[in-house]
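J.:
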Amino acid sequence: MFKFLVVLSVFVGVISSEKPGDCPPSLPPPACIISSLKLCETDEGCFGPMKCCKNDCGGAICLPVFPVKPPIPTPDEKSE
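And the structure:
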């Protein structure tokens, strides 16, 4: 039972460490020479409001967040 609680607390800690906001779009493959560095693993490793953003080149760096986009209203919601 103790092992289960330890695993559960670690799992919850990982989930709760994600910061709000979105990462910017990934860089195109020609930029992979620079962006293949892996400077962070999770948002927890980034200072302040920055997020650990992974890219298509296998790297990850801390970047300022993009604001969270509001959901797009459906046609039914627009008519209300």
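The numbering of the sequence shown is the UniProt record's numbering, which starts it at 1 and goes up by one.
Cβ atoms here follow ideal geometry from the backbone N, Cα and C, with glycine treated the same way.
Since the model is a prediction, treat every value here as computed from it, not as a measurement.
1. Chain D beta carbons: is any one of them nearer than 9 Å to that of Leu63?
2. Which class does Cys40 belong to by DSSP, given the choice of helix, strand or coil?
3. Reducing DSSP to helix, strand and coil, say where Cys62 ends up.
4. Name the DSSP beta bridge partners of Asp22, please?
5. Taking the CB atoms as reference points, tell me whether Cys53 and Pro24 lie closer together than 9 Å.
T.: In terms of the structure at hand:
1. In the displayed structure, chain D is absent; only one protein chain is listed.
2. coil
3. strand
4. Phe66
5. yes
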